[in-house]
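Q: Starting off with a structure, shown below.
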Amino acid sequence: MFVLRIMSGEELTAKKLLEDKGYKVICPRKLKVERNKTVERIIFTGYLFLDINSISDRDYYKIKDTVNVISFLDSKYNLSETDEKYIRLLNNNDKALDKIDVYFDKDKKAIIYMNEYDEYINTKNVIRVNARDKTITFRFNIDDIVKDVTFNYNEIA
141 MFVLRIMSGE ELTAKKLLED KGYKVICPRK LKVERNKTVE RIIFTGYLFL DINSISDRDY
201 YKIKDTVNVI SFLDSKYNLS ETDEKYIRLL NNNDKALDKI DVYFDKDKKA IIYMNEYDEY
261 INTKNVIRVN ARDKTITFRF NIDDIVKDVT FNYNEIA
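Using our numbering, you'd call the opening residue of the sequence shown number 141 and step up by one each time.
Written out as structure tokens, the structure reads:
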């Protein structure tokens with residue numbers, strides 16, 4: 141998975157342009173209540189995730205020449221396999237995410253469940269679980285920027 145820097149506020153435009161060129165692009169979004177209205181917000185503003193394993197020189201320049209694409213993230217900032225799974229989870233089949241399914245083991249440790257892949261994910265990104273508010277917070281480190289993302293969760297048995 142490659143990370144692209146995008147002009148902030150233009151993520152969905154760049155995503156559409158890249159998809160028109162035949163690439164699978166991930167842009168995780170979440171539903172948020174603001175002023176008594178539910179709105180869709182992009183989780184990682186200024187970034188898109190290109191869902192391919194390798195890239196040719198031709199593809200590199202084709203992507204780089206797309207409007208609103210600033211650059212590829214340097215290879216030293218590659219996402220770990222766990223981070224990639226979380227990005228796919230947050231993408232929610234290209235729909236805005238409202239709640240995340242969480243299972244708690246006998247030690248009350250949160251375990252994240254991915255319906256799409258029918259598997260549980262390593263919880264190294266989970267930094268906080270608030271049982272009273274039923275919220276879970278994840279931490280991501282992209283481009284040396286720490287991003288904490290909080291979601292409501294559904295407890296599954």
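The beta carbon of each residue, even a glycine, is placed where N, CA and C say it ideally should be.
Can you give me the Cβ contacts of Ala-250 inside the same chain, cut-off strictly under 7 Å, excluding the 5 residues immediately before and after it?
A: Same-chain partners within the cutoff: Val-242, Phe-244, Thr-263, Val-266, Val-269 and Ile-276.
Q: Decide if Asn-231 is buried, meaning its Cβ has at least 16 other Cβ atoms within 10 Å, or exposed.
A: Asn-231 should be labelled buried.
Q: Would you kindly check if the distance between the Cβ of Phe-142 and the Cβ of Ile-282 is under 8 Å?
A: Their beta carbons are not under 8 Å apart, which means Ile-282 does not touch Phe-142 by this criterion.
Q: Kindly indicate which three-state DSSP category Arg-279 falls into: helix, strand or coil?
A: In the structure shown, Arg-279 sits in a strand (DSSP, three-state: E or B).
Q: What residue from Met-147, Lys-155 and Arg-279 has the CA that sits closest to Leu-219's CA?
A: When only C-alpha atoms are compared, the closest one is Arg-279.
Q: When the Cα of Ser-148 is compared with those of Leu-188, Tyr-163, Ser-196 and Leu-158, which residue comes out closest?
A: Ranking Leu-188, Tyr-163, Ser-196 and Leu-158 by Cα distance to Ser-148 puts Leu-188 first.
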